[in-house]
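When we follow the numbering used here, the leftmost residue of the sequence shown carries the number 296, and every step to the right adds one.
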Amino acid sequence: MIDFNYETEFSLSNEEEIASWLSRVIESENKNEGEINYIFCDDDYLHKINVEYLDHDTLTDVISFDYSLGNEINGDCFISIERVEDNAKDFNVAFEEELKRVIVHGLLHYCGYKDKGESDELLMRSKEDEKIAMFHVKHS
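Following this line, the structure appears as structure tokens:
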């Protein structure tokens with residue numbers, strides 16, 4: 296089950312469409328869908344989590360806590376809408392596209408993809424692009 300929670304004024308207008316896409320992404324990675332929570336928040340909210348749980352005193356766009364068990368994907372994914380807005384401007388992309396990238400980025404971590412080294416980062420970017428392309432393809 297994919298659930299969306301809001302700790303800021305922002306809310307998704309297309310929750311069902313996003314959830315359906317994420318379910319297809321999970322299936323495409325040969326994983327099973329467990330409980331996945333997306334929590335949309337602001338910089339302050341996410342910064343507190345970053346300091347308290349990860350001991351990182353920095354701003355970030357996404358933090359994902361992976362509770363997956365074997366092939367079943369479970370986790371909490373916190374997303375700062377302020378960071379996504381700033382990143383969209385910095386990368387000169389639409390907010391919606393950057394938001395999809397961040398949403399799927401968290402999910403890809405649960406599927407086992409990392410982004411610490413250069414080769415891992417390249418693979419992560421490639422997977423993000425592949426999964427974002429799936430958003431517009433409807434499953435029959």
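Ideal Cβ positions, reconstructed from N, Cα and C, are used throughout, including at glycine.
(request) Work out the CA separation of E304 and K409 for me, nearest whole Å. (result) So the two alpha carbons sit approximately 30 Å from each other.
(message) Just verifying my parser: in three-state terms, what is the DSSP assignment at S356?
(response) Before going further, note that residue 356 is Asp rather than Ser in the sequence given. Of the three classes helix, strand and coil, the one that applies to D356 here is coil, per DSSP.
(request) Count the C-beta pairs between the region 311-325 and the region 352-364 that are closer than 8 Å, then say yes if the count reaches three, no if not. (result) Verdict: no, contact absent.
(request) May I ask you to list the residues that DSSP assigns as paired with E328? (result) Looking at the DSSP output, E328 sits in a beta bridge with I368.
(message) What does the alpha-carbon distance come out to for the pair F430 and H351?
(response) One C-alpha to the other measures close to 32 Å.
(message) Can you confirm whether the region 337-357 touches the region 377-394 when touching is taken to mean that 3 or more C-beta pairs between the two stretches lie within less than 8 Å?
(response) Yes, the region 377-394 touches the region 337-357.
(request) Answer yes or no: do I368 and N332 have a C-beta to C-beta separation smaller than 8 Å? (result) The Cβ atoms of I368 and N332 lie no closer than 8 Å to each other.
(request) Please confirm whether S375 and D338 have their CB atoms less than 8 Å apart. (result) In this structure, the beta-carbon distance from S375 to D338 falls below 8 Å.
(request) Assign G401 to one of two classes, buried (16 or more other C-beta atoms within 10 Å of its C-beta) or exposed (fewer than that). (result) The residue in question, G401, is buried, as its Cβ has 16 or more Cβ neighbours within 10 Å.
(request) Alpha carbon to alpha carbon, how far is G407 from E302? Give it in angstroms, no decimals. (result) C-alpha of E302 to C-alpha of G407: approximately 27 Å in a straight line.
(message) Tell me the rounded alpha-carbon separation between E310 and D298.
(response) Here the C-alpha atom of E310 lies approximately 9 Å from the C-alpha atom of D298.
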